[in-house]
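Chemist: Residues in the sequence shown are numbered consecutively from 4, following our numbering.
Take a look at this one; I'll ask things after.
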Amino acid sequence: MKTIGKLCMALFLIISLVGCSSDDEGGNETSASLVGTWAVTSLDYEGTTSFDFLGETVNTSFDGVGQNLDLNFTFTENPNEYTSEGSYDIVLDFTVNGMSETETTSIDNLQQEGTWERNGNILSIDGEIIDLDIDIPVGDTMGMSDLTILELTDTTLRLGQEVNEEVTQEGITVSVSVSSVIVFARQ
4 MKTIGKLCMA LFLIISLVGC SSDDEGGNET SASLVGTWAV TSLDYEGTTS
54 FDFLGETVNT SFDGVGQNLD LNFTFTENPN EYTSEGSYDI VLDFTVNGMS
104 ETETTSIDNL QQEGTWERNG NILSIDGEII DLDIDIPVGD TMGMSDLTIL
154 ELTDTTLRLG QEVNEEVTQE GITVSVSVSS VIVFARQ
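Printed below as a string of structure tokens:
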């Protein structure tokens, strides 16, 4: 069960931060500058996965919450590049075919970089944002990902995503549905 839980968590983290975007919820300010250093203040997500394994359908639901967040993103302009560094824990509550479990995974010494561009309320990021110490090759071929800017003020950045897709890995196709929100505070 822990292997399935780690698979689900890895799929979420990779797809949610290197995946598809949702439409803007509207009603919030989004006109401030993205350029600067931002600290992650919350990371929340929920979702489901479904796949066939050895002729049996495996259904999973999960809720994840970031804790011990010490993760910063710096966005620069001309060129539009970003770096991220830090660490955090993910507390994942998941249910696999009716059996529930909670697992905490620590992500330490994260250091990533890439490029970004903004088109309205869509923030496109090229490169890896999250580094997992789990050997799952999902996401290796993904390029630019889009996140929806739900709020961007002088002090707060809130990004959201709705991901609904199928990912095939080693002959197993996994249907993934994830909703996530990440909140940052300007440093």
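The beta-carbon is built from N, C-alpha and C at its ideal position, and this holds for glycine as well.
What does DSSP give as the partner residues of L155 in its beta bridges?
Modeler: L160
Chemist: If the criterion is Cβ atoms closer than 7 angstroms, does the pair E168 and V179 meet it?
Modeler: Yes, the Cβ-Cβ distance between E168 and V179 is below 7 angstroms.
Chemist: Check whether the Cβ atoms of T151 and N122 sit closer than 7 angstroms, and answer yes or no.
Modeler: no
Chemist: Between T107 and E80, what straight-line distance do the alpha-carbon atoms span, to the nearest angstrom?
Modeler: Those two C-alpha atoms are separated by around 36 angstroms.
Chemist: Can you tell me where the beta strand (DSSP E) with A42 in it begins and where it stops?
Modeler: Looking at the DSSP string, the run of the beta strand (DSSP E) that includes A42 is 39-56.
Chemist: Return the first residue and the last residue of the beta strand (DSSP E) that N75 is part of.
Modeler: 59-79
Chemist: If you draw a straight line from the alpha carbon of F54 to that of Q164, how long is it in whole angstroms?
Modeler: 22 angstroms
Chemist: Would you kindly check if the distance between the Cβ of S127 and the Cβ of E120 is under 7 angstroms?
Modeler: yes
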